[in-house]
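First to last, the sequence lines map onto chains Y and W.
Residues in the first sequence are numbered consecutively from 1, following UniProt numbering.
Residues in the second sequence are numbered consecutively from 1, following UniProt numbering.
Read through the structure below, which is laid out as structure tokens, and then see the notes.
There are 2 protein chains.
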Amino acid sequence: MLKYQHIADELENYIEEHKLQQGDKLPILQDLMIQFDVSKSTVTKALDLLEKKGVVFQVRGSGIFVRRHKRQGYISLTSNQGFKKNLEEFHITSEIITLDIRKPTKEAAVNLNIGLDDDVYYVKRIRYIHGQTLCIEESYFNKSIVTYLNKEIITESIFNYITEGLGLNIGFADTYLHVDKLNAEEAEYLGLQKGDPKLEVESVFHLTNGQPFDFSKLTYNYVQSQFFLQAVL
Amino acid sequence: MLKYQHIADELENYIEEHKLQQGDKLPILQDLMIQFDVSKSTVTKALDLLEKKGVVFQVRGSGIFVRRHKRQGYISLTSNQGFKKNLEEFHITSEIITLDIRKPTKEAAVNLNIGLDDDVYYVKRIRYIHGQTLCIEESYFNKSIVTYLNKEIITESIFNYITEGLGLNIGFADTYLHVDKLNAEEAEYLGLQKGDPKLEVESVFHLTNGQPFDFSKLTYNYVQSQFFLQAVL
DNA sequence: CAGTGGTCTAGACCACGAT
DNA sequence: TCGTGGTCTAGACCACTGT
């Protein structure tokens, strides 16, 4: 385990367990260096991680403080690993509609940077939050990278399988958002009326080497759609 | 100017000017160290900045590569300084509806962490993109921090004035997104029908010392609403 | 002015990728 | 095995905050 990762985890746990609030002060750099027996740069790197993640903010000449947004029940748009943490936090479950190998749509092929004749795993699921319909999810996985999938795997966390099972390293994602009106089929799945609002979230996930491996399109039930985003400016 | 900031700017300009594409390789660390006459850590810090910003991705054992998302015409949800760059890129203009000093709504008071009897500057604007209505914007500024505003200032960039004119340092923002249906008044402003979809974006902006100074609520025309987000996982 | 975080260095050593 | 990026150190010096 990397030292700075370890320190970041420890501090985050500490904040969580002691229910520290926005503005609460953490120990100064000097103390953290001694406590974890590392150099200043390593502590700094750990704190930069936490700052990027929206957990703390640092004020030169003053100290390190806890950052905590006020609202509960919002799904993070930037949380790592495709909703992994959110899954646990919000009790999100899913029902599989389709799983097969097929040729990509033109849109999927463009986003995955493959040809129209290459194979993809196509997954369609309905996701539920606290028993309510949250969203429709359609995913296209480049089969030459994600070589195998089955119903059991996609019932659990696909991303977990990709990293643990296949040993692939997920690097970054481009995400696009649109708001539009539901068509009849989507309304049916989500238990809403045709023409009701929807939030469409398209993501292209890449490996650390830059190869796109997953193009996903999520259509959210607007009633359940509350998202948040913590930015450092 | 900080060295790592300078290097980051130079590299970003280079990528822009030479129209480098996704996957194009940049010089190796060693060369960048020599070129800019700085230590390895400084180059690394510059590259980490660019990576966070979604401009490059680094692959251990291989090199540093340009990252570039495929779609044009999307507004960045994470671009710095309240849309400053987007303003230029998309020719966003605004029309002022209201500017006055008043008491905050309960909601604004909670988000700004002030009392119901404290003063705020209230600003209501309509924003246009390429001449089309983009969104309705309502902002509440804590008057004890943002001590003065006038029509001229809010016609230009408010955030620019806050940093340059008032010498304040903007630190971070919490942003919340909802999708809902337009009410009659909003529909009127946006030139849409009541019941049409809307995207509501609420942001709380904080100074570097953690004090919230601006609570803004933006209601977007769903037709014009295309956002993107570059995440590092 | 003392306290505290931020920048920068030079260099050792490690881990991953390509060949 | 070599090229390349990642982690970590010890320490000098700088810049902002608060008393």
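Beta carbons are placed, not taken as given, at the ideal position from N, Cα and C, and that holds for glycine.
W:Phe159 is not a Cβ neighbour of W:Leu149, given a cutoff of 9 Å. Counted as a single uninterrupted DSSP element, the alpha helix (DSSP H) harbouring Y:Asn13 occupies residues 3 to 17. Taking 9 Å as the cut-off, the beta carbon of Y:Ile92 is found no closer than this to the beta carbon of Y:Pro104.
In the structure shown, W:Ser94 falls within a strand segment according to DSSP collapsed to helix, strand and coil. Here Y:Thr163 is actually not in contact with W:Ala231; their C-beta atoms are around 16 Å apart, not less than 8 Å.
Taking a contact to require three or more Cβ pairs closer than 8 Å, the segment 60 to 76 of chain W and the segment 16 to 26 of chain W qualify as touching. Scanning chain Y for C-beta atoms nearer than 9 Å to the C-beta of W:Ala173 yields Leu229, Gln230, Ala231, Val232, Leu233, reported in chain order. Residue pairing from DSSP places Y:Ser76 in a beta bridge opposite Y:Phe228.
Contact between W:Leu207 and W:Phe213 holds: their C-beta atoms lie close to 6 Å from each other, under 8 Å.
Here the segment 110 to 126 of chain Y makes contact with the segment 93 to 100 of chain Y; the two share three or more CB pairs at distances below 8 Å. Using a 10 angstroms sphere on the CB of W:Ala184, the tally of other CB atoms stays under 16, which defines it as exposed. Bounds of the beta strand (DSSP E) holding Y:Glu138 are 132 to 142.
For Y:Thr219, no CB of chain W lies under 9 Å from its own CB, so it is not counted at the interface with that chain.
By the Cβ neighbour-count rule, Y:Ser144 is exposed, with fewer than 16 other Cβ atoms within 10 Å of its own. Chain Y has a Cβ within less than 9 Å of the Cβ of W:Asp196.
Take the alpha-carbon of Y:Leu218 and the one of Y:Glu12: they are about 30 Å apart. Per the coordinates, the alpha-carbon of W:Ser76 lies some 11 Å from the alpha-carbon of W:Phe90. For Y:Asp180, the pairing in a beta bridge is given by DSSP as Y:Lys198. In this structure, Y:Tyr74 is the residue among Y:Val110, Y:His18, Y:Tyr74, Y:Gly61 with its C-alpha nearest to the C-alpha of Y:Leu134. Proximity to Y:His130 across Y:His18, Y:Gln224, Y:Ile34, Y:Leu229 peaks at Y:Gln224, based on C-alpha coordinates.
Within the same chain, Cβ atoms closer than 6 Å to the Cβ of Y:Leu190 are found at Thr133, Asn221, the five residues on either side in sequence being excluded. In this structure, the beta-carbon distance from Y:Ile153 to Y:Gly171 does not fall below 9 Å. By the neighbour-count criterion, in which 16 or more other beta carbons inside 10 Å mark a residue as buried, W:Glu107 falls on the exposed side. DSSP, read as helix, strand or coil, puts Y:Ser39 in coil. With fewer than 16 other Cβ atoms from the protein chains shown falling within 10 Å of its own Cβ, W:Thr147 counts as exposed. Residue environment analysis places W:Gly61 among the exposed positions, since fewer than 16 neighbouring C-beta atoms fall within 10 angstroms of its C-beta.
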